[in-house]
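Asks: In my numbering, each number is its position in the sequence shown, counted from 1, plus 32.
Just so it is clear, CB atoms sit at the ideal spot from N, CA and C, and this is done for glycine as well.
Just so you know, these numbers come straight off a predicted model, no measurement behind them.
The structure under discussion is supplied below as structure tokens; questions concerning it will follow.
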Amino acid sequence: MAFLPVLEEVVRSVDGALACSVMGFDGIAVENFQIDAAADLDVQSTLVEYAAVLGQVKNAAQLLKTGAVTEVSINSEQVLTIMRLVTDEYFLVLALSARGNYGKGRYALRIAAPRIRAEL
């Protein structure tokens with residue numbers, strides 16, 4: 033499975049991107065690409081915690097019959113996080129600096145998701 037080139041492409045194409053991962057809802061990263069500038073932040077622990085949040089949002093949407101969740105973002109003072117579902121079991125997550133290009137990040141994940149899905 034060639035996830036790393038896709039993840040690196042996402043990070044390199046989005047201004048302010050810090051890391052991109054393919055994760056399961058168990059919070060375990062299947063593959064991760066992180067730039068050196070992200071070493072100050074505990075990006076992986078953050079992404080693990082956010083995986084639990086995404087799982088809760090997904091379950092709430094099913095319970096409320098609002099349709100499938102496709103994307104969730106959590107924006108904090110230092111990190112913008114965008115999570116996009118790839119399958120029922122896996123999702124892509126992109127961490128950006130607070131001044132990162134949020135719109136381009138959403139676009140990059142939307143384009144990368146089918147490529148990741150094909151590898152799964």
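Thinking L128 and Y134 are a contact (beta carbons under 8 angstroms), I'd like their distance in whole angstroms, please.
Replies: By one-based count along the sequence shown, residue 128 stands at place 96. By one-based count along the sequence shown, residue 134 stands at place 102. Indeed, because the Cβ distance is near 7 angstroms, the residues count as touching under 8 angstroms.
Asks: Where do the N-terminal and C-terminal ends of the alpha helix (DSSP H) with L95 fall, by residue?
Replies: Locating residue 95 in the sequence shown gives position 63, counting from the first residue. It spans V75 to L96 - the alpha helix (DSSP H) in which L95 sits, taken as one unbroken run.
Asks: Keeping to the same chain, check which residues put their C-beta closer than 7 angstroms to that of V101; ignore five residues upstream and five downstream.
Replies: On the sequence shown, position 69 is the one that residue 101 refers to. These residues qualify, in order along the chain: V89, K90, A93 and L117.
Asks: Just list the residues that DSSP pairs G56 with in beta bridges.
Replies: If you number the sequence shown from 1, residue 56 lands on position 24. The partner list for G56 (beta bridge, DSSP) reads Y122.
Asks: Residues in its own chain within less than 7 angstroms of R147 by CB, not counting five upstream and five downstream?
Replies: Looking up residue 147 in the sequence shown gives position 115. Within the same chain, R147 has close Cβ partners V38.
Asks: Please tell me whether, using a cut-off of 7 angstroms, the distance from the CB of G99 to the nearest non-hydrogen atom of the ligand PLP is below it.
Replies: Absence of the ligand PLP from the depicted structure is noted, as is the absence of any ligand whatsoever, leaving it without description.
Asks: Classify I106 as helix, strand or coil using the three-state DSSP reduction.
Replies: To locate residue 106, count along the sequence shown from 1; it is residue 74. Strand, per DSSP.
Asks: Rank L152, I143, G59 and A130 by C-alpha distance to the C-alpha of G48 and give the top, closest one.
Replies: Residue 48 sits at position 16 when you count from the first residue of the sequence shown. The residue among L152, I143, G59 and A130 with its C-alpha nearest the C-alpha of G48 is A130.
Asks: Based on Cα-Cα distance, which residue from M55, A150 and A51 lies nearest to V111?
Replies: As a working mapping, residue 111 is identified with position 79 in the sequence shown. The candidate whose alpha carbon is nearest that of V111 is A51.
Asks: Are there 16 or more other CB atoms within 10 angstroms of the CB of T113, so buried, or fewer, so exposed?
Replies: As a position in the sequence shown, residue 113 is number 81, starting the count at 1. For T113, the number of other beta carbons within 10 angstroms of its own is at least 16, and it is reported as buried.
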